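Taking it in order: structure first as structure tokens, then the write-up.
Protein chains: 4
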Amino acid sequence: MRTFECDYTEGVHPILLDALTKTNFEQMSGYGSDPYTARAIEKIKAACGASDATVTLLVGGTQTNVIAIDLLLAPFEGVLAPSTGHINVHEAGAVEFTGHKVIALPGHDGVLDVDALETYLETFYADATHEHMVRPGLVYLTHPTEYGTLYTKAQMQRVRELCDQYEMKLYVDGARLGYALGCPENEITMHDLAALCDAFSIGGTKLGALLGEALVFPKEAPPHLLSQVKRHGGLLAKGRALGVQFDALFSDGLYERIGREAIRHANRIRKILERKGYPFAWASPTNQQFVILSDAEAEKLLKTVGFDLWGRWDAGHWIARFTSSWSTTDEAVDELDRILPDKTDR
Amino acid sequence: MRTFECDYTEGVHPILLDALTKTNFEQMSGYGSDPYTARAIEKIKAACGASDATVTLLVGGTQTNVIAIDLLLAPFEGVLAPSTGHINVHEAGAVEFTGHKVIALPGHDGVLDVDALETYLETFYADATHEHMVRPGLVYLTHPTEYGTLYTKAQMQRVRELCDQYEMKLYVDGARLGYALGCPENEITMHDLAALCDAFSIGGTKLGALLGEALVFPKEAPPHLLSQVKRHGGLLAKGRALGVQFDALFSDGLYERIGREAIRHANRIRKILERKGYPFAWASPTNQQFVILSDAEAEKLLKTVGFDLWGRWDAGHWIARFTSSWSTTDEAVDELDRILPDKTDR
Amino acid sequence: MRTFECDYTEGVHPILLDALTKTNFEQMSGYGSDPYTARAIEKIKAACGASDATVTLLVGGTQTNVIAIDLLLAPFEGVLAPSTGHINVHEAGAVEFTGHKVIALPGHDGVLDVDALETYLETFYADATHEHMVRPGLVYLTHPTEYGTLYTKAQMQRVRELCDQYEMKLYVDGARLGYALGCPENEITMHDLAALCDAFSIGGTKLGALLGEALVFPKEAPPHLLSQVKRHGGLLAKGRALGVQFDALFSDGLYERIGREAIRHANRIRKILERKGYPFAWASPTNQQFVILSDAEAEKLLKTVGFDLWGRWDAGHWIARFTSSWSTTDEAVDELDRILPDKTDR
Amino acid sequence: MRTFECDYTEGVHPILLDALTKTNFEQMSGYGSDPYTARAIEKIKAACGASDATVTLLVGGTQTNVIAIDLLLAPFEGVLAPSTGHINVHEAGAVEFTGHKVIALPGHDGVLDVDALETYLETFYADATHEHMVRPGLVYLTHPTEYGTLYTKAQMQRVRELCDQYEMKLYVDGARLGYALGCPENEITMHDLAALCDAFSIGGTKLGALLGEALVFPKEAPPHLLSQVKRHGGLLAKGRALGVQFDALFSDGLYERIGREAIRHANRIRKILERKGYPFAWASPTNQQFVILSDAEAEKLLKTVGFDLWGRWDAGHWIARFTSSWSTTDEAVDELDRILPDKTDR
């Protein structure tokens, strides 16, 4: 049975698999000292317009977030995040494990409420006891968000200004970054991220890599980066596995192409859902589409097609997520169209 | 100038000072192995009706909370607390420093909303991804709360039932416990705490000790407790300093007497504030009284009497806290009565 | 230029690559919930004769060690290790990052001195202040060791007995386990490890996987394992990458075959080195061979063949490491034979 | 029965107790914002000749060491210490709890072997894999040492030079500092410590305070110090308790006087032990004297006078510690003289 449950149900993009296969018997040194990693890093820096950036290739998303946050923060500082942010909800306390408080702020459909951020900071510093509280040292955003939504450039710039004003860093979790870049609605390029952030990640896993995230520090390089990555258990012996994949992802515009194609499929899925009368939980321009299904509808539909019961809408309804990805095909979307019952008939 | 800013503005209760002085040249072994500590622990166990309890005497409140929470939780678990709880706001991230997430829940005037707790737990375990989230392992309450309010016995029993149902521990931070015990409105005795909690603290610092909190584990003793306290930097060389004070505090009903007297003073203060027309931020039956002052009123009044600008009420008003304690005298309250302008004149 | 510097210079064993390629477009759920992971785990349990074991597949060696150690220890306990143990030297403090002390003990060529272990434990518990010291909660061994050497079964059994006597756990780091299993000299099977250890790892990365280590808890399953792995940043989204590889590694005796073949190559390398008069730093029966080269010899030889300058022997000499692996060929060893100067000529 | 087991068997020096008593009912703000703490800090800075120093008053020794080390180190760095150093042995892993490795180096009677330190650093940086190892970021020394011995000024200067050369910090644990300052043999003044160290502590607990250690950062002030102390659970509500005591300790030369008097008593004790034929474990010029007793001697003597069975000398002998302190009297030493059997009679 076909599934649209998430964007990591298949293995690895054929071009990346081909690159891994072709280079398989080349002997290379470990821990990211191989030439493919070096080349991948140069290409990523070029794609970000950040020739002075420091880039490291890591295995997974939680690891990447934790390393970025722990390296950007002073030990006693905490990270501000929308309450729906991945680090606040779905990373099993990995950030707190490194000693940092995640301070949750309100948001809308995954997007941090920048006014609430400003109010928090004003209130914090107006409080005479604020030295007894956790100093906010960093703002964490996801782009696209967990809700598939996007920040406007104005929003992210305003966050940056608040970071400057209150001496904080800015980190953007780009686990699905390619699916933002592939959207016409997206206003924020990799160049923008390099200009606005102290660090950001470029997701590989959800964009066709077997595994791998690029972590970019566009400005200041963290000291002893390899050692710090190792201490976090994030240093891969065969760093080539990451290097070869990111070298391929950042060659011939593949990363952007993957994003654009997946968005084309997501748009088809959205139109099918709209046409057939499925109410949307909220509008998402990216590769995740969220509709509301009654419990009975969900149960029935899951017998014919896979999707994610993302969360509860209310007592009798689910939020159902349909996801496109690098591996989605037109045939798969055609099949979804055939399977999905038309609710407008009733 | 007289101040009512908090309940730790004076040093140590004369009876405790006398006990410290009298025992000063007795030679005793360190680290809590002295006879006064042993005797204090027996008296505390008797006061709690918990003959099998394990008690340790610690220096400060944050230390006590962190040790209790870290020892009761599995490393990967988090602690549920009202968003206004001391550990979530005013302990500079000390709980997160030990690797545990503080999960903030709504409350009312410092009291955890038990319905919200139940909803949180139901939602958590209904979520198919909950193994990616921080397992709630403990509920943290303060009694009295940071707002001077009290839990009803029914509320605390319901929290205990939820803890049993969801395999969680219960810890009550009693930094101001004596000021609850001294209240006629208080429904929760030390016997109740011993029956309901996995651990609770009995505050000494705010009740007349120079320093010191008793941490009680009424049921299960944590393994290698001395070693764990030492690892947290909480083992006092001259443990006698704590033992002698708690021995005195728990002799001849002193702890309860201190609480009752301070509540008598607090009631006088409340009546003075009421009579003179000061609007209360919320009702508190314990030793902290919270009234609303305009910024101009606050500024003027601070020239003649000390109190705490506890927080903002709104853009133009402060919440002002007036606190009684073990060291409050009738003369001091009389003086406050003389100083405070009568707002009903206007 | 050919290199023998380590056992992770090539990518992935062709059989594993083939398995990854064949399954690439099968849609599977993430985080290790796929059927290949389930099948791999069953095969590993069968190979260990441990039907009640809990097995999890992880990405890297440091991560595996840290997760094993942190999950086996109480928070306040430390781990005993030979001073040359990987966790004490080459993991950038990853174990201490989780709050545990590594207590270094003497050893011989990488093998823990079991007499020294016994003396340490006797002395520790005879010390009246031992509650002020870090309680030893676990013994960490590597098999084969970092020096290529092996524990005898009697040695490991004696360690187990001391663990039982002093209420400690035993963890064996098997990053190169296959290269022990492939040795005729090896006395310790996977069945033995399952019987003797509380946890042990079965290295994939150095045995032909692109990445991956299996962590086996033969007896007691750690609670909420997935959640704990996630908290350590070790949960892979596309768990299939590990499942498919380990499924292949543990099919048709591949894991043992890889080990045996590499040991055959290592034996050839050793004989070549012996025949040509290179003095050995110590005897190693496994895939790593250590000889002593003068600085001048090393510098010259590195122009024609790669090997690892593993460490200093003395002021004028290096310990040079020549490693065979799953990817070593007879042609490569023949080439080494041609390249290596004969020192007996002189 | 009289005891000489350690230097914290009595409570508090009468002058300090008097100061606590006299100031007891003065109302003061909490958390070290009181005038006595401010005055104490000024006096300590003057005593150290370090007008730009940052000083904080803390409760206990382990807490002080951990806060100093954690604040001076980058998160990924470790601390070099003699293997006998208090942080490596008797702090229950409190330093590792904050994520830092303690790297143990050889020493002689408690004094770090500076040659071994230099060799360690040379070897570390000559190792091509050193980024996989814990970067040494700090040297920890005690003065006097746990063995009662002292560093020469030349030794400490050489350590400082190595710290400069290898970009490390230097921290000196002065839990018994006053007993060094009271020795004619001592070459290192508080001015020297301020010039040589990045931080050092001035012990109060063992020098007559009920509790309290001063932590001095002579050069660079750690950011948000109060907040960091709070996060470590080390911020005392009634900071006055520390301020009043240190104000008294650093008035009228009391701290030095206490040290000198205790050393006078220690010298008497040493002469008594010498005269009566007790073999010394090693020479100590400070307030702790270590002699070797057979198990039978120790057992018998403990029936008439208290001392510390400090450790094993060999299978049949103890190292026995006799300690003088701020509370030792001539009468007590006379009594020891009467009690101690004369071994030269035999």
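Residue numbers (the numbering used here), protein chains in the order written: chain A, 1 to 346; chain B, 1 to 346; chain C, 1 to 346; chain D, 1 to 346. Here a beta-carbon is modelled for each residue, glycine too, at the ideal position from N, C-alpha and C. Quick caveat: nothing in here was measured; it's all calculated off a predicted structure.
Sequence-distant residues of its chain with Cβ nearer than 8 Å to residue i (five each side left out)
{"i": "B:Thr-189", "result": "Leu-181"}
{"i": "B:Pro-136", "result": "Glu-77, Gly-78, Val-79, Leu-80, Ile-103, Tyr-120, Leu-121, Phe-124, Tyr-166, Met-168"}
{"i": "C:Leu-117", "result": "Leu-80, Leu-105, Val-139, Val-159, Leu-162"}
Backbone secondary structure at residue i - three-state DSSP
{"i": "D:Tyr-151", "result": "coil"}
{"i": "C:Gln-289", "result": "strand"}
{"i": "C:Arg-176", "result": "coil"}
{"i": "C:Phe-217", "result": "strand"}
{"i": "A:Glu-77", "result": "strand"}
{"i": "A:Tyr-171", "result": "strand"}
{"i": "A:Ser-201", "result": "strand"}
{"i": "A:Ile-103", "result": "strand"}
{"i": "B:Asp-334", "result": "helix"}
{"i": "A:Tyr-140", "result": "strand"}
{"i": "D:Ser-324", "result": "coil"}
{"i": "B:Thr-56", "result": "strand"}
{"i": "B:Ile-82", "result": "Rather than Ile, the amino acid found at residue 82 of chain B in this sequence is Pro. The answer is strand: DSSP assigns B:Pro-82 an E or B state."}
{"i": "D:Leu-121", "result": "helix"}
{"i": "A:Asp-113", "result": "coil"}
{"i": "D:Ala-90", "result": "Reading the sequence as shown, one finds His at residue 90 of chain D and not Ala. Reduced to three states, the DSSP call for D:His-90 is coil."}
{"i": "A:Asp-308", "result": "strand"}
Contacting residues, own chain, Cβ-Cβ under 7 Å from residue i (five flanking each side not counted)
{"i": "B:Ala-53", "result": "Lys-45, Ala-194, Val-216, Phe-217, Pro-218"}
{"i": "B:Asp-34", "result": "Met-28, Gly-239, Arg-240, Gly-243"}
{"i": "D:His-143", "result": "Leu-150, Tyr-151, Val-172, Gly-174, Leu-177, Ala-180, Ile-188"}
{"i": "D:Thr-30", "result": "Inspection of the sequence shows that residue 30 of chain D is occupied by Gly rather than by Thr. Excluding sequence neighbours, D:Gly-30 sits near Ala-237, Lys-238, Gly-239."}
{"i": "A:Tyr-255", "result": "Gly-178, Leu-207, Leu-249"}
Sequence-distant residues of its chain with Cβ nearer than 6 Å to residue i (five each side left out)
{"i": "D:Phe-322", "result": "Phe-4, Ile-269, Gln-289, Phe-307"}
{"i": "C:Gly-110", "result": "Thr-84, Thr-145, Glu-146, Tyr-147, Thr-149"}
{"i": "A:Leu-58", "result": "Thr-64, Glu-213, Leu-215, Gly-234"}
{"i": "C:Thr-329", "result": "none"}
Exposure label - residue i; buried when at least 16 CB within 10 Å
{"i": "D:Phe-250", "result": "buried"}
{"i": "B:Lys-271", "result": "exposed"}
{"i": "D:Met-1", "result": "exposed"}
{"i": "D:Thr-84", "result": "buried"}
{"i": "A:Trp-310", "result": "buried"}
{"i": "C:Trp-326", "result": "buried"}
{"i": "B:Lys-230", "result": "buried"}
{"i": "C:Glu-294", "result": "A small fix is needed here, since residue 294 of chain C is Ser in this sequence, not Glu. Per the 10 Å Cβ criterion, exposed."}
{"i": "D:Ala-19", "result": "buried"}
{"i": "C:Thr-129", "result": "exposed"}
{"i": "B:Ala-154", "result": "exposed"}
{"i": "D:Asp-70", "result": "buried"}
{"i": "A:Trp-318", "result": "buried"}
{"i": "C:Thr-344", "result": "exposed"}
{"i": "C:Gly-316", "result": "exposed"}
| task | Report yes or no: do the stretch 325–340 of chain B and the stretch 9–19 of chain A share at least 3 C-beta pairs separated by less than 8 Å? | result | Taking a cut-off of 8 Å on C-beta distances, the stretch 325–340 of chain B does not touch the stretch 9–19 of chain A, as fewer than three cross pairs fall below it.
| message | Below 8 Å, how does it come out for the stretch 49–66 of chain B and the stretch 19–26 of chain B: are there three or more Cβ pairs, yes or no? | response | no
| task | Run through the stretch 18–71 of chain A for me and flag every whole alpha helix (DSSP H) of 4 or more residues, listed as ranges in chain order. | result | Segments of the alpha helix (DSSP H) lying fully in the stretch 18–71 of chain A: 35–48.
| Completely contained alpha helix (DSSP H) runs for the stretch 223–248 of chain C, where each covers 4 or more residues | 225–231
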